[in-house]
Structures are given as structure tokens and as C-alpha cells.
Amino acid sequence: MTSAEHGNGAYADAFAESVTDPEAFWLRAAEAVDWDTAPTRALDDSAAPMYRWYPDATLNTCHNALDRHVAAGRGDQAALIYDSAMLGTTCTYTYAELLTEVSRFAGVLTAQGISAGDRVVIYMPMIPEAAIAMLACARIGAVHSMVFGGFAAAELAARIDDAQPKALVTASGGLEPGRTIEYLPIVERALGLTDNAPGTIVVKNRERIPGSAADHDGWLDWDTAAADAEPAGCVAVAATDPLYILYTSGTTGKPKGVVRDNGGHAVALTWSMRNLYDIGAGQVMWTASDVGWVVGHSYIVYGPLLVGATTVLYEGKPVGTPDAGAFWRVVEQHGVRALFTAPTAIRAIRKEDPEAAELAKYDISTLTTLFAAGERLDPDTYEWATAKLGVPVVDHWWQTETGWAICANLRGLEPMPIKAGSPTVAVPGYRVQIVDAGGSEVGPGTEGNIVIRLPLPPGTLAGLWRDEDRYVKSYLSTFPGYYLTGDSGYIDADGYVFVLGRSDDVINVAGHRLSTGAMEAVVAQHAAVAECAVVGIKDDLKGQRPSGYVVLKAGATIDHEVLRTELVAMVRDQIGAVATFRDVTVVQALPKTRSGKILRKTMRQIADHEDYSVPSTIEDPAVLDALAKLLGPEVS
Numbered sequence: 001m002t003s004a005e006h007g008n009g010a011y012a013d014a015f016a017e018s019v020t021d022p023e024a025f026w027l028r029a030a031e032a033v034d035w036d037t038a039p040t041r042a043l044d045d046s047a048a049p050m051y052r053w054y055p056d057a058t059l060n061t062c063h064n065a066l067d068r069h070v071a072a073g074r075g076d077q078a079a080l081i082y083d084s085a086m087l088g089t090t091c092t093y094t095y096a097e098l099l100t101e102v103s104r105f106a107g108v109l110t111a112q113g114i115s116a117g118d119r120v121v122i123y124m125p126m127i128p129e130a131a132i133a134m135l136a137c138a139r140i141g142a143v144h145s146m147v148f149g150g151f152a153a154a155e156l157a158a159r160i161d162d163a164q165p166k167a168l169v170t171a172s173g174g175l176e177p178g179r180t181i182e183y184l185p186i187v188e189r190a191l192g193l194t195d196n197a198p199g200t201i202v203v204k205n206r207e208r209i210p211g212s213a214a215d216h217d218g219w220l221d222w223d224t225a226a227a228d229a230e231p232a233g234c235v236a237v238a239a240t241d242p243l244y245i246l247y248t249s250g251t252t253g254k255p256k257g258v259v260r261d262n263g264g265h266a267v268a269l270t271w272s273m274r275n276l277y278d279i280g281a282g283q284v285m286w287t288a289s290d291v292g293w294v295v296g297h298s299y300i301v302y303g304p305l306l307v308g309a310t311t312v313l314y315e316g317k318p319v320g321t322p323d324a325g326a327f328w329r330v331v332e333q334h335g336v337r338a339l340f341t342a343p344t345a346i347r348a349i350r351k352e353d354p355e356a357a358e359l360a361k362y363d364i365s366t367l368t369t370l371f372a373a374g375e376r377l378d379p380d381t382y383e384w385a386t387a388k389l390g391v392p393v394v395d396h397w398w399q400t401e402t403g404w405a406i407c408a409n410l411r412g413l414e415p416m417p418i419k420a421g422s423p424t425v426a427v428p429g430y431r432v433q434i435v436d437a438g439g440s441e442v443g444p445g446t447e448g449n450i451v452i453r454l455p456l457p458p459g460t461l462a463g464l465w466r467d468e469d470r471y472v473k474s475y476l477s478t479f480p481g482y483y484l485t486g487d488s489g490y491i492d493a494d495g496y497v498f499v500l501g502r503s504d505d506v507i508n509v510a511g512h513r514l515s516t517g518a519m520e521a522v523v524a525q526h527a528a529v530a531e532c533a534v535v536g537i538k539d540d541l542k543g544q545r546p547s548g549y550v551v552l553k554a555g556a557t558i559d560h561e562v563l564r565t566e567l568v569a570m571v572r573d574q575i576g577a578v579a580t581f582r583d584v585t586v587v588q589a590l591p592k593t594r595s596g597k598i599l600r601k602t603m604r605q606i607a608d609h610e611d612y613s614v615p616s617t618i619e620d621p622a623v624l625d626a627l628a629k630l631l632g633p634e635v636s
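For the sequence shown, UniProt numbering begins at 1 and goes up steadily by one.
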């Protein structure tokens, strides 16, 4: 079964053309981008499976994000709104002001000998300078690699070792509720762990955080260097040249450097802003993520600016800065039209404010759509957000590797009926299919491996940095001719895709393959449950059995044994006795990455009393420690 075999209309027409005539489809989409040398070809398949888009074109991504909007007379329009709930301040950069800041910092890099093709590692918190540094690299053709601010020294060093940058751009630190993270000691340790220390270190000093460039011989102070810099102009690069490297966790422990090109990236994000998010020039989009993640790259920085929209860069949390009304305050204050966040943020708000009392304090009438991605949007959370916000709540599914949505409800092209639990249909360019373990396509409603027929559309990964063999082995070799998403799911008779979770989240209970994601969807329906995770643990009799972990809603009072009995009955009723679901543990919080993904593999290792390591991406290690103490002997 292939997604997108779906009726008639604008979506069906667009998808059909993207499959039958991708040259025409993607060359027309490229007309929305300014090129130094316009493309005459869309796809180069001569080195398949290493496909390249727009092989004969040149452009500059920063020009498309800034200069062309100023030249069009919209220099006074807001480009970036910095809203710091941590500092209680906001600051707005117009397109002209942002262009000035970016040009100056590009001049700082140029003065240090950084040029096209050189790598720059950026290790920054959620401050405007993070976006400015990214755009400055794009301006001069340098390849940036953003590392999430606060990552441990060993993780930063591993990325420096792989990227071999000429410069590292950082800040004195980051702010989080209840704590300050000093970055410079981490940077010092990282530089001591690598043999590829960059020759240039630039530091943005933040007044409330100790440490500055002055404390280190040869390090540059951002403000001083920028004040004296000669502004740099745009450098045209090949569309196939890398724009950035973004590292994602690898199964071997060595991070995988996902490479994004300039041309396909600009075309795909520009197309997605108008057709998926229904956002254009002058409208406000807020992506409540972090620039350390792919979502922040695509839809805090590049996507909105490529179409001349206004983007919000938020330093804060969905709750605790100061309360569960934080998001609604930002929507009202800045006139946000589209809000994009992770399901975990919605669940956090619901846990603290289940009746949405804080929401009632704000006027969010500018909001037309809430978009969710990063993890499956469970039906219960979808229903709650839909009821409370009164706007469409749109799940969409994508990965660091793809850079933009694989499946979505295209609000600007043809809005479709929403089905809870589904990110709707395949986006034009993505030929999504379900195959069994042998690679054979399966029918509607049959669960299997979610794959995408090659070639992938523009904007997706061009490979892994300096590791073509690993790229092929990780993504392309399991099912030749397909990209392996690593997720399992099914496509229904209407062409709607249902992503049930990572393929390794499917457990085998007495010979029956069962999805823990399906069980989570049932558990999440309980009135007392704010959030949940189901993992497969060892069972001497059945091989594996599901074990549930739940976080209760604020104010929920229910006997834990009563809760267990009710959840067991619900799973038995909706999935069947074969699930043998009987273990339920109430926890204060679930361990998650900083991007909101629940650490199910680590939870399973703890429950099975296996050795485990604390992932570098973890949001709060104390949550993992509490779980380890709750479930048995402490292991490490």
C-alpha cells in the first residue's frame, strides 16, 4: 500500500506530479528561490543512490533569507522576535537590522580566514546570536554545525573531531528554570579532549553568566569583534554544497553527521512554508523548539525567513517560566499565526493545567493552527488540545535526516480531515510505503516497516559527513531502492499513514508482534493519565511483556492499584488479552531527551536490570536516577 492514493484535488494533483514528473514539479518549486545561476535540471541520478538536486545551479541561502526581502522594500518588517521568559524581556530585529548583524558577524569570520567550505561549530543557547551565527556561515559559504548548548564536553569534542572546524562560536552560558549552565568550562574540557581544536574561538558574553573571552588568551569577544568588523557580502555556492552538518545519535556511539545541501534545502523549506504551514511574508510563526535540533534549523531560522515571515525565538519552557500559560502569553503578545511544538510540551501543559485555566487569561485569536512533531501525537492529547484551543491540531512526521515533513496535513495546499493518531498523508515527493521483513509491500491496515522509495525529495539528507559507507549501511541497504525510516506503522484504506513507533518498539509476546505505541494510545485515554510510556521487558515465559509507566495529571487522586486495574482492563478491551498488559508503575516524570523524545530503550534497560549509559541528549538525568531507584538495584 502506498500513501497518497487519495482522491482528487490540489493535493492529489501535486503528489501525482511529484511522482510522475519530479523534474517539472521541483523546477517549478525552485522558481520561488533567488539563484545566482538558475537550475536547468532538478535531479542528478547519475551516482544513485547518492542523488543530488539542482546540480547545475548556484545560490546563497543567506541572501534568500535576508537580503532579497530588504531589497524588496520590507527591511522594516519584523524578522526575528527574541522572547526570553528566563530574562523577562523581548527584542525584535527587523529584516534590515538582522541583515546588518549577520553581515558584521560574517565579517568577523572572514577576518579569521574562514571561507566557503570551512566548518564552524556553534555551541549556543537560545539567543539571537545563535541564529545570526548560522546565517553568517551561510552568507560566506561556510558549513555550520550547531551543537545543543549544554551538551557534555565529550559530546562536543566528538563533534569537533568529526567536523574538524576552523572556528567555534559559543556563549558564556545558558539559562534554564532554577539553574545556570556555564558553557566556557565545558568548552575548555572539550578542547582538551580533541586533536582538532579550532584556531578561532568566539564568545558572546551574557551579563548574568560568569565567564568571557577575556579570561582566555586569543579568544574573541563577540561584541568587540563585530563592532570592528567589515561587513561581508554573500558568496555564491553550488546548490549541492553543504549548508550544515547536524549530528544525530548513532547506534555505534559515534554521532552521525547529517549533511544538508543549500539548493534542495532552500526549495523544500520555501515550498513547505506555503503549502504545509500556510505561512507567508509578514505572518508570524513560532516554533517552540531549540536551534540545536533539526526543527530549530528548519522552522525557527531558515523556513520562516526564506519566505519573509516573522519568526519567534523563545528562551523558556512550556511550564515553569513562569506557569502553564507561558505559550499562550507568547501567542497573544506576538500575534502568532502558527505554533509548532512537540507533543511532550502539550502534555506538560495539560499535566499542570488540565482544565486550561491559564489559557483563558489570554487572547489567542491570531492562532490558526497548532502543529506537533518530534514524537507521536497520541489521540488523547490531540483531543484535549483540539477542545481547549478550538483550532486544528495537526500532527506531522519527519526526522533529523529528512529535514522537513514526510507526512503532513498540508494546510496551505489542501487541508484534509484530521484522523487522531495519524500525521495524515505523504507529502509530495515522498513515496511512502509499508513493507514486510522481506521487503514485500503489504496491504491497507497491515503493520510493517515504513520505507520511502528513492530518490528522496529535495531538502533531505545528502549523506553523512565524510562517511558514505555508513550512510548506505544505515539507511539504504536493508531494503534496496528504499530509504529505511526505522519506524513501523501502517497505511489505511484512505491513504492515511499511522506511525506506531520505532521498529524496535515492536515487542514479541509469546510469538505475537505487538506495538507498544498502540498500547500507549490506550493508556493515554485514562482520565487520570497525563503522560505514559510502554516498553517491552524480559519475561521468562513469554519472551517479552509490556510494562507501563504513567505520570498523573496535576491534582489527580486515584489509588495506584485501582489505576492499574482500570488500565489493564482498557488494554485488554482495545488490544486483547494477548497483550498480557499487567504492569503499571506511577512515576513523577518520564526520562526524555531535550527534544522531548521519551528514552524508551534506556527505560527498558533499567527495568531489565541491564547496564545502561546516560544519553548525552537527556533533559534531566535526575529523572533517570529516580526511575532506577524505583525499579530495583542501581546500575550504571
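Just so it is clear, CB atoms sit at the ideal spot from N, CA and C, and this is done for glycine as well. These numbers were taken from a predicted model, which means no experiment stands behind them.
- Taking DSSP as the reference, what is the three-state secondary structure of Tyr549? Your numbering for residue 549 matches position 549 in the sequence shown. Residue state, collapsed to three classes: strand.
- Message: At the level of alpha carbons, what is the spacing between Ser488 and Thr224?
- Response: Here residue 488 refers to the residue found at position 488 of the sequence shown. Here residue 224 refers to the residue found at position 224 of the sequence shown. Approximately 52 Å, taken between the alpha carbons.
- Message: Could you give the first and the last residue of the continuous alpha helix (DSSP H) run that contains Phe327?
- Response: If you number the sequence shown from 1, residue 327 lands on position 327. Phe327 -> alpha helix (DSSP H) spans Ala326 to His334.
- May I ask you to report which of helix, strand or coil DSSP gives Gly263? In the sequence shown, counting from the first residue as 1, residue 263 sits at position 263. Gly263 falls in the helix class under three-state DSSP.
- Message: With three or more C-beta pairs closer than 8 Å as the rule, is the segment 581-594 touching the segment 611-622?
- Response: yes
- Are the CB atoms of Pro322 and Thr311 nearer to each other than 9 Å? Against the sequence shown, residue 322 aligns to sequence position 322. Against the sequence shown, residue 311 aligns to sequence position 311. No; because the gap between Cβ atoms is not below 9 Å, this pair is not in contact.
- Other residues of its chain near Val307: CB distance less than 7 Å, five sequence neighbours each side excluded: Within the sequence shown, numbered from 1, the residue matching residue 307 stands at position 307. Counting only Cβ-Cβ distances below 7 Å, and skipping sequence neighbours, we find Thr270, Met273, Arg274, Ile279, Gly280 and Ala281.
- Just list the alpha helix (DSSP H) runs in the UniProt domain "AMP-binding enzyme C-terminal" (519-597), keeping only unbroken ones of 4 residues or longer that don't cross its boundaries, in chain order. 560-574
- Task: State buried or exposed for Thr460, treating a residue as buried only when at least 16 other CB atoms are found within 10 Å of its CB.
- Result: Here residue 460 corresponds to residue number 460 of the sequence shown, with the count starting at 1. Buried is the call here.
- Message: Is the beta carbon of Ile209 closer than 9 Å to that of Gly173?
- Response: As a working note, residue 173 is residue 173 in the sequence shown. As a working note, residue 209 is residue 209 in the sequence shown. Contact flag set, yes.
- Buried or exposed: Ala518, going by 16 or more other Cβ atoms within 10 Å of its Cβ? As a working note, residue 518 is residue 518 in the sequence shown. Buried.
- Alpha-carbon spacing of Asp118 relative to Thr200, whole angstroms: Residue numbering aside, residue 118 sits at position 118 when the sequence shown is read from its first letter. Residue numbering aside, residue 200 sits at position 200 when the sequence shown is read from its first letter. Spanning the two alpha carbons is a distance of roughly 12 Å.
- Query: Excluding sequence positions up to five away, which residues of its chain have a Cβ less than 7 Å from the Cβ of Glu520?
  - Reply: One-based indexing of the sequence shown puts residue 520 at position 520. Correct list, in chain order: Asp378, Cys532, Ala533 and Val534.
- Task: Kindly list the residues whose CB is nearer than 6 Å to the CB of Ser440, restricted to its own chain and excluding five residues on each side of it in sequence; keep chain order.
- Result: In the sequence shown, the residue the question calls residue 440 occupies position 440. For Ser440, where only same-chain residues beyond five positions count, there are no Cβ hits under 6 Å.
- Query: If you count every other CB in all the chains shown that lies within 10 Å of the CB of His396, and 16 or more means buried, which is it?
  - Reply: Position 396 of the sequence shown holds residue 396. Buried, since its Cβ has 16 or more Cβ neighbours within 10 Å.
- Does DSSP put Glu315 in a helix, a strand or coil? The sequence position of residue 315 within the sequence shown is 315, counting from 1. Of the three classes helix, strand and coil, the one that applies to Glu315 here is strand, per DSSP.
- Compute the beta-carbon to beta-carbon distance between Pro242 and Ala462, rounded to the nearest angstrom, for a pair I have assumed lies under 8 Å. Here residue 242 is taken as the residue at index 242 of the sequence shown, counted from 1. Here residue 462 is taken as the residue at index 462 of the sequence shown, counted from 1. Indeed, because the Cβ distance is near 7 Å, the residues count as touching under 8 Å.
- Where does Pro255 sit, in a helix, a strand or coil, going by DSSP? One-based indexing of the sequence shown puts residue 255 at position 255. Secondary structure of Pro255 (DSSP, three-state): coil.
- Item | Chain-order list of residues whose beta-carbon lies under 8 Å from that of Asp608 (same chain, five-residue window excluded) | Residue mapping note: residue 608 aligns to position 608 of the sequence shown, counting from 1. Counting only Cβ-Cβ distances below 8 Å, and skipping sequence neighbours, we find Ile537 and Lys538.
- Quick one: is Glu352 buried, meaning 16 or more other Cβ sit within 10 Å of its Cβ, or exposed? Counting from one through the sequence shown, the residue named residue 352 turns up at place 352. When all chains shown are included, Glu352 counts as buried.
- Query: Going by beta carbon distance, what residues of the same chain come within less than 6 Å of Val169, once the five residues before and after it are set aside?
  - Reply: Numbered from its first residue, the sequence shown carries residue 169 at position 169. For Val169, where only same-chain residues beyond five positions count, the Cβ hits under 6 Å are Ile122, Ala133 and Val202.
- Could you tell me which uninterrupted beta strand (DSSP E) segments, each at least 3 residues in length, are contained entirely in the segment 192-232, listed from first to last along the chain? Counting whole runs of 3 or more residues, the segment 192-232 contains the beta strand (DSSP E) stretches 200-204.
- Query: Just to confirm, are Ala116 and Ile140 a CB contact at a threshold of 9 Å?
  - Reply: Sequence index remark: in the sequence shown, residue 116 carries index 116 (1-based). Sequence index remark: in the sequence shown, residue 140 carries index 140 (1-based). Yes. Within cutoff.
- In terms of residues, what are the limits of the beta strand (DSSP E) holding Val19? Here residue 19 corresponds to residue number 19 of the sequence shown, with the count starting at 1. Careful: Val19 lies outside any beta strand (DSSP E), inside the alpha helix (DSSP H) at Ala10 to Thr20.
- Alpha carbon to alpha carbon, how far is Pro444 from Met570? Give it in angstroms, no decimals. In the sequence shown, the residue the question calls residue 570 occupies position 570. In the sequence shown, the residue the question calls residue 444 occupies position 444. Roughly 26 Å between the two C-alpha positions.
- Kindly indicate the opening and closing residues of the alpha helix (DSSP H) around Glu182. Counting from 1 along the sequence shown, the entry for residue 182 is found at position 182. Not the alpha helix (DSSP H): Glu182 falls in the beta strand (DSSP E), residues Arg179 to Glu182.
- Task: Answer yes if the segment 54-66 comes into contact with the segment 30-45, meaning at least three C-beta pairs across the two stretches below 8 Å, and no otherwise.
- Result: yes
- Message: Out of Arg572, Trp465 and Val523, which one is the CA nearest neighbour of residue 638?
- Response: Residue 638 falls outside the range modelled here, since the chain spans only 1 to 636, and no answer is possible.
- Item | Cβ contact (3+ pairs, closer than 8 Å) linking the segment 475-483 and the segment 403-414 | Flag = no, the segment 475-483 and the segment 403-414 do not touch.
- Query: Could you give the distance in angstroms between the alpha-carbon of Ala268 and the alpha-carbon of Leu456?
  - Reply: Locating residue 268 in the sequence shown gives position 268, counting from the first residue. Locating residue 456 in the sequence shown gives position 456, counting from the first residue. Cα to Cα, Ala268 sits roughly 11 Å from Leu456.
- Message: From the DSSP secondary-structure annotation, give me the bridge partner or partners of Asp395.
- Response: The residue given as residue 395 occupies position 395 in the sequence shown. Asp395 pairs with Ala372.
- Query: With a Cβ-Cβ cutoff of 9 Å, do Leu80 and Leu98 count as a contact?
  - Reply: Position 80 of the sequence shown, counted from the first residue, corresponds to residue 80. Position 98 of the sequence shown, counted from the first residue, corresponds to residue 98. Taking 9 Å as the Cβ cut-off, Leu80 and Leu98 qualify as a contacting pair.
- Message: Give me the residue from Val120, Thr89 and Glu375 with the minimum Cα distance to Ile127.
- Response: Indexing the sequence shown from 1 puts residue 127 at position 127. Nearest C-alpha to Ile127 among Val120, Thr89 and Glu375: Thr89.
- Message: Can you give me the C-alpha to C-alpha distance between Ala288 and Thr424, rounded to a whole angstrom?
- Response: Counting from 1 along the sequence shown, the entry for residue 288 is found at position 288. Counting from 1 along the sequence shown, the entry for residue 424 is found at position 424. Distance between the alpha carbons of Ala288 and Thr424: 22 Å.
- Item | Bridge partner(s) assigned by DSSP for Val605 | Stepping through the sequence shown from its first residue, residue 605 is reached at position 605. Reading off the sequence shown, one finds Gln at residue 605, where the question assumed Val. Its beta-bridge partners do not exist; DSSP assigns none.
- Give the secondary structure of Asp620 by DSSP, where H, G and I count as helix, E and B as strand, and everything else as coil. Here residue 620 refers to the residue found at position 620 when the sequence shown is read from its first residue. Residue state, collapsed to three classes: coil.
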